[in-house]
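Written out below as structure tokens is the structure these notes cover.
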Amino acid sequence: MDNYRAHVLVCGGSGCVSNHSFDVLAELDKQLEKAGLQDEVRTVKTGCFGLCVAGPIVVVFPEGTFYCKVTPDDVAEIVEEHLLKGRIVRRLLFHESVAEDETVRSISNVSFYKKQMRIALVNCGVIDPDRIDEYIAFDGYKALHKVLTDMTPEDVVQTVKDSKLRGRGGAGFPTGLKWELTQKAAGDKKYVLCNADEGDPGAFMDRSILEGDPHCVLEAMTIAGYTVGADQGYIYVRAEYPLAVKRLNTAIEQAREYGLLGKNIFGTDFSFDIELRMGAGAFVCGEETALIHSIEGGRGEPTPKPPFPSDAGLFWKPTLLNNVETYANIPHIILKGADWFASIGTEGSKGTKVFSIGGDVVNAGLVEVPMGTTIREVIFDIGGGIRDGKKFKAAQTGGPSGGCIPEQYLDLPIDYENLKEIGSMMGSGGLIVMDENTCMVDIARFFVGICVGESCGKCTACRIGTRRMLELLTRICEGKGVEGDIEKLEKLANNIASTAFCGLGQGAPNPVLSTLRYFRDEYEAHVRDKKCPAGRCKALLDYKIDPVTCVGCGLCARECPADAISGEKRKPYVIDQEKCTKCGDCMEVCNFKAVYKG
Amino acid sequence: MSMVNVKIDGVDVSVPEHTTVLKAARKAGIDIPTLCYLEGVSGIGACRMCLVQQNGSPKMLASCVTTVTDGAEYVTNNAEIREARRVNLDLILSTHNATCFTCVRNKNCELQSLAEKLGVDTVEYEGENPEYDIDMSSPSIVRDNNKCILCRRCVAVCNNVQEVGAIGFINRGFKTKVGTEFDRGLAEGVCINCGQCIKACPVGALSERDDTQKIWDALADPDKYVVVQTAPSIRVGLGEEFGMPMGSRVTYKMAEALRRLGFDQVFDTDFSADLTIMEEGTELLKRIEDGGPFPLITSCSPGWIKFCETFYPEFNDNLSSCKSPQQMMGAVIKNYYAEQNKIDPKKIFSVSVMPCTAKKFESDRPEMNSTGLPDVDVAITTRELGRMIKQAGIDFTKLPDGKFDDVLGESTGAAAIFGATGGVMEAALRTVYEIVTGETLTDINFTAVRGTQGVKEATVKVGDLDVHVAIAHGLGNARKLLDSIKSGEKFYHFVEIMACPGGCVNGGGQPIVNAKTLMDTDPREVRAKAIYDEDEAMALRKSHENPSIKKIYEEYYGEPGSHKAHEQLHTHYTKRQKY
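First to last, the sequence lines map onto chains V and Y.
In terms of this note's numbering, the first sequence opens at residue 7 and continues consecutively.
In terms of this note's numbering, the second sequence opens at residue 1054 and continues consecutively.
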């Protein structure tokens, strides 16, 4: 057995990979060999560490030294200084790993990770996803073994029910109940599906799990197959995740090789196999019936429920469909027990939830926290607060179907019901933080625009309604809103929410309704005063020159493509609002910060 | 089947389990508004009109896809639901290019009716809409996507009932449009012109190509000798265009109306239907004598013929070489009739009134020109005739009975039943039986071949031979039948296939029945009954007994299947590329 004195983990998640982490890894291997350390120091490509804003991430064990934003040019120094001489390269440390007394914290003591509880993400950033042995070494496939040799399907159903696990895809349906319904459904051909479409913009929880720990999903699906009586599983993964597809294919091949997929798993008479099916660029295919039709080769459009997939799903057979993150929890529930899982979280929402935090927050990335953690804790304690020292304005949860949460709810414990009550939703776990310079009307327009592009087009309410909402919002943002437009928009939004065919349409008005609920004054300013309080909507802004700060250098006037600025040398210049096209060049070139928007 | 008891708007109603709330409400006398629902074709919950609430929950359900739950209470009509419907209808109206005054569906439009019913008299949510070119490539069907409300009924009937698949959906979301593969003109795709899509359309997005101006021009031209023939199905459908009850028999009013429109001769396609039976019966007997090829398949449905040529060309040699009654009549008029009456065939403008949109395609086929000119110059639909009669100011319902002109106006009951599925088969059997056995039929009614079941089969003893026959109507059923023959599972001597479900009485050119009426009335049954009533009321009910038919053979063709008959009354087929 090999005996390494140090392990250097390099993040191989899509975020860091697109930032050349593979080049960092290659350089590491090169430098280690050059230094003759290749038998003492092991490099490991792992999945996502979660602190994506600080990538490429390199962590050195056993100390847990947390290096961030590492480039291939930094590698020589790491090898020379840290690995050879034992001197930490301070300039590359993640800022939270340096304590006030200048001591260096290990990665697990960094506040970003301390407040997290990683269950679904436990192996991400720890194991090499392309090596099944590492998964097995961290208790991988032990749960499957237990299930196949020591539990009946009914036992598994009961365990999942007792855990009170709820679907992590967004709807929060009780997972145990879904497994029970599918198990009880009549039929000798059944299917197990994994929804890896992850359509919410900015969400990458499922992607990270698939890239960083694909085996946990395979294991859970196999457990599910045994439980409901299926012999075939499909992972429907969006085509925009090529790295996840690659890692899954490798994992499936390795599992088959080890007899953990295929015929007679663990020598029992249970056989189960998994194949991938790719999406083709449609958010709506994350809806379960649309996903099923996509696999069947039809247009990805939802169809009426009932019948529910548990009775008649893929090819009209009983089908179990769960989200990636939901599956990721299963092996842990089997091994550690339902009671353990149910002890985490709130009364109605057990366990943890992975969130992808983005937007105007310092530590943008992936986090996993127990249900019941407050929004403030996630954004400020883990997320590091608002970037550039600005003020918090709102947080959007649940993607395009979610709503905006204003300051007054920062101390709300996160759980399914709480978020719904204040007009938002858990969704798949996207959490977008917005600072004071965000225009909430513009945000509503942005999210509605996504729904317009992704609407399948089948039902009246969503196909036409979202488009008309977008037209109204665009007019308002362009300063063409008239009295009555806000009421018109609100009426339409409510109608779409209550009459649309599927979740996409039903949720599409949420950004509108929640911003109207908490930021109605901004809408009114746009319509009545033709002003954008946040200073975003270009059409409603005037570029002005501060006569006090302006030194009269004339640079802006020379740059202005519309010849809208005039003045005399060494006297304050003036912008002619009639001519101004609001391109913003003057503000960019001014060396004295004399140009402002207002 | 167990019964389920529910309350709808406070009314108790009991229905079989698996009934939709929509149907249950109808039984309770409650008419829930619908747009995308079409009986037997499509129930998908897309238009969001048929909304109801259940057990006090504010959640809105589409009643056309919600089955009743025992003991549940439904509300179909409160302020909230009405408002929801109005907003959704408003949204649909905002995308519909309303040109009602000049639209062919003015006053027979489900969108107009719904707007009136819901009290929507202004469109609040006007907005931008794409502009589409109108597809006029097809001789039969005109497509205007600017009027399309994406109810999906046309695609459902083309794909699920007719199983042709000429149209489908292109793009998604707001940009969704109904189109053909590669978004080509309808004529460039696999469309077989049956026109069922037109009848499925609730608005004017689909309509027949209107050829009436050609007829007005011909009627006004002193140099033209304008003659008209009418198919069996017109006489049980035309009345509906004037508000008469479905299935009203208006045979002689129709003849009178045509007379008053100014046609020089009013002929009856039923005559040539009898002629077709003589030719096809003879063909069947010859096949039996030769030992094949079996089955002989009827060829009077041009939609079926194009379908066969496109999707089942391996059956091209099974098709009867007989032209359809429309085309035989056309040939007879420009040859026999022209000669007998010393009229220059070039001056004859031959019009047909058909329940069929594919007849426009058929009359244009290059094979259909026995004189070097088209046998039939213009084929119009029942609907177009209705419009002509209205434009002429003729008060149809008050017309006295007129009559068809002699010679080519005499027909039998066997011809009349061509309009119903199984009719051609029955007419053929009446003649073939008597010719082969030399005996008179004791029971002239072959009821085994009647009715709306998709595929029908029967074995008829004709002398020593057990003749195996099958009938299919609607091309989805045709596929089933042909596949069973191909696989060897089934063997038949003689097969009748009609493109339209129910046969010609339900043809693509027949009066459009609105979706609400279709929920409890089946025009296939009602109009077919009228056809069989016509048959029973006729003095002569077998094609070979028609004196005019006997005359035309004596004087002109000699005998069925003669060389002259083959030249003028028979045709051939071609294999068509799908893509």
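By construction, the Cβ of each residue, glycine as well, lies at the ideal position given by its N, Cα and C atoms.
Quick caveat: nothing in here was measured; it's all calculated off a predicted structure.
**Message:** Output needed in chain order: residues of the region 1136-1166 of chain Y with a Cβ under 7 Å from some Cβ in chain V.
**Reply:** Under the 7 Å Cβ criterion, the region 1136-1166 of chain Y contributes A1137, V1140, N1141, L1144, I1145, S1147 and T1148.
**Integer-rounded CB distance, given that P1600 (chain Y) should sit under 8 Å from E1463 (chain Y)** = Taking C-beta atoms under 8 Å as the contact rule, E1463 (chain Y) and P1600 (chain Y) qualify, at a distance of about 7 Å.
**Message:** Suppose you measure from the CA of L34 (chain V) to the CA of I258 (chain V); what does that come to, to the nearest Å?
**Reply:** Straight-line Cα distance between these residues: approximately 29 Å.
**Item:** Contact set between the region 1215-1247 of chain Y and chain V, restricted to residues whose Cβ is under 7 Å from the partner
**Value:** Flagged, chain order: F1222, R1225, G1226, F1227 and T1229.
**Message:** Does any residue of chain Y have a CB that is nearer than 8 Å to the CB of R481 (chain V)?
**Reply:** Cβ-Cβ to chain Y under 8 Å: no for R481 (chain V).
**Item:** Secondary structure of D535 (chain V), DSSP reduced to three states
**Value:** D535 (chain V) sits in a helix when the DSSP states are folded into three classes.
**Item:** Minimum C-alpha distance to Y10 (chain V) - residue among V:T49, V:D591 and V:T505
**Value:** The candidate whose alpha carbon is nearest that of Y10 (chain V) is V:T49.
**Request:** Run down chain V in chain order and give the residues with a C-beta less than 8 Å from the C-beta of A1099 (chain Y).
**Result:** K464, C465, T466 and F507, listed in chain order.
**Item:** chain Y contact for I470 (chain V) (CB, 8 Å cutoff)
**Value:** Yes, contact with chain Y.
**Asked** If you draw a straight line from the C-alpha of V1281 (chain Y) to the C-alpha of M1591 (chain Y), how long is it?
**Response** Looking at the two C-alpha atoms, the distance is approximately 22 Å.
**Message:** Taking the alpha helix (DSSP H) that T332 (chain V) belongs to, which residues open and close that run?
**Reply:** In the DSSP assignment, T332 (chain V) falls within the unbroken alpha helix (DSSP H) covering V330 to K342.
**Request:** Give, in chain order, every unbroken run of the alpha helix (DSSP H) that is at least 4 residues long and sits entirely within the region 1186-1259 of chain Y.
**Result:** Complete alpha helix (DSSP H) runs here, min 4: 1206-1209 and 1249-1253.
**Limits of the unbroken beta strand (DSSP E) element including I1522 (chain Y)** = Sequence inspection shows Val at residue 1522 (chain Y); the Ile mentioned does not correspond to that position. Counting along the chain, the beta strand (DSSP E) containing V1522 (chain Y) begins and ends at L1518 to H1526.
**Message:** Cβ closer than 8 Å: which chain Y residues qualify as neighbours of G459 (chain V)?
**Reply:** Going along chain Y in sequence order, the residues near G459 (chain V) (Cβ under 8 Å) are G1226.
**Message:** Using a Cβ-Cβ cutoff of less than 7 Å, which residues in the same chain neighbour D552 (chain V) once the five nearest sequence positions on both sides are dropped?
**Reply:** Cβ neighbours of D552 (chain V) beyond the five flanking positions: A600 and Y602.
**Request:** Locate the beta strand (DSSP E) running through L437 (chain V), then write down its first and last residues.
**Result:** Run containing L437 (chain V): G436 to D441, per the beta strand (DSSP E) assignment.
**Asked** Are C17 (chain V) and G131 (chain V) touching if we call contact CB-CB under 8 Å?
**Response** With a cutoff of 8 Å on beta-carbon distance, C17 (chain V) and G131 (chain V) are scored as near each other.
**Asked** What are the start and end residues of the alpha helix (DSSP H) that includes M593 (chain V)?
**Response** Annotation: the continuous alpha helix (DSSP H) that includes M593 (chain V) extends over D591 to V595.
**Request:** Label R608 (chain V) either buried or exposed according to how many other C-beta atoms from any shown protein chain fall within 10 Å of its C-beta, with 16 as the threshold for buried.
**Result:** The structure shown does not extend to residue 608 (chain V), since chain V is modelled only from 7 through 604, so no value can be given for it.
**Message:** Just verifying my parser: in three-state terms, what is the DSSP assignment at Y242 (chain V)?
**Reply:** If DSSP states are grouped into helix, strand and coil, Y242 (chain V) belongs with the strands.
**Message:** Cβ closer than 7 Å: which chain Y residues qualify as neighbours of L498 (chain V)?
**Reply:** By Cβ distance, chain Y contributes V1140 and Y1178.
**Message:** Residues of the region 307-324 of chain V in Cβ contact with chain Y at a cutoff of 7 Å, in chain order, please.
**Reply:** Taking 7 Å as the Cβ-Cβ cut-off against chain Y, the residues of the region 307-324 of chain V that qualify are P310.
**Prompt:** Of all the CB atoms in chain V, is at least one closer than 8 Å to the CB of V1057 (chain Y)?
**Reply:** Judged by the 8 Å Cβ criterion, V1057 (chain Y) is not in contact with chain V.
**Message:** Measuring straight from C-alpha to C-alpha, what distance separates L326 (chain V) and F179 (chain V)?
**Reply:** Going by the C-alpha atoms only, they are around 12 Å apart.
**Message:** Would you say S214 (chain V) lies against chain Y (beta-carbon separation less than 8 Å)?
**Reply:** Taking 8 Å as the threshold, the shortest C-beta distance from S214 (chain V) to chain Y does not fall below it.
**Prompt:** Under a Cβ-count criterion, where at least 16 other Cβ atoms within 10 Å of its own Cβ denotes burial, should R4 (chain V) be classed as buried or exposed?
**Reply:** The displayed coordinates of chain V run from 7 to 604. Any statement about residue 4 (chain V) would go beyond what the structure contains.
**Asked** Sorted by chain position, which residues of the same chain lie with C-beta nearer than 8 Å to P567 (chain V)'s C-beta, five sequence neighbours on each side aside?
**Response** Closer than 8 Å at the Cβ level, and outside the excluded window around P567 (chain V), lie T587, C589 and D591.
**Asked** For the putative contact between V1249 (chain Y) and C1553 (chain Y), defined by C-beta atoms under 8 Å, what is the C-beta separation to the nearest angstrom?
**Response** At residue 1249 (chain Y) the sequence reads Gln, which differs from the Val that was named. With a beta-carbon spacing of about 6 Å, Q1249 (chain Y) and C1553 (chain Y) fall inside the 8 Å limit used to define contacts.
**Request:** Return helix, strand or coil for A1099 (chain Y), following the three-state DSSP convention.
**Result:** In the structure shown, A1099 (chain Y) sits in coil (DSSP, three-state: anything other than H, G, I, E or B).
**Request:** Anything in chain V within Cβ reach of M1113 (chain Y), meaning under 8 Å, just list it in chain order.
**Result:** In chain order: S504 and T505.
**Asked** Residues in its own chain within less than 8 Å of T1512 (chain Y) by CB, not counting five upstream and five downstream?
**Response** Only residues of its own chain outside the window of five on either side were considered, and among them D1519, V1520, H1521 and V1522 have a CB closer than 8 Å to the CB of T1512 (chain Y), listed in chain order.
**Message:** Please state the DSSP three-state secondary structure of R469 (chain V).
**Reply:** Note: R469 (chain V) maps to helix in three-state DSSP.
**Item:** Proximal residues, the region 1256-1278 of chain Y versus chain V, C-beta separation under 7 Å
**Value:** If you check each beta-carbon in the region 1256-1278 of chain Y against every beta-carbon of chain V, none falls closer than 7 Å.
**Item:** Start-end ranges of the beta strand (DSSP E) lying completely within the region 1448-1484 of chain Y, minimum 3 residues
**Value:** List check, beta strand (DSSP E) in window: nothing returned.
**Asked** Starting from M1382 (chain Y) and walking both ways along the alpha helix (DSSP H), at which residues does that stretch end?
**Response** Unbroken alpha helix (DSSP H) run through M1382 (chain Y): P1378 to V1385.
**Prompt:** Exposed or buried, T1570 (chain Y), counting other C-beta atoms within 10 Å across all chains shown (16 or more means buried)?
**Reply:** Exposed, by the Cβ-count rule.
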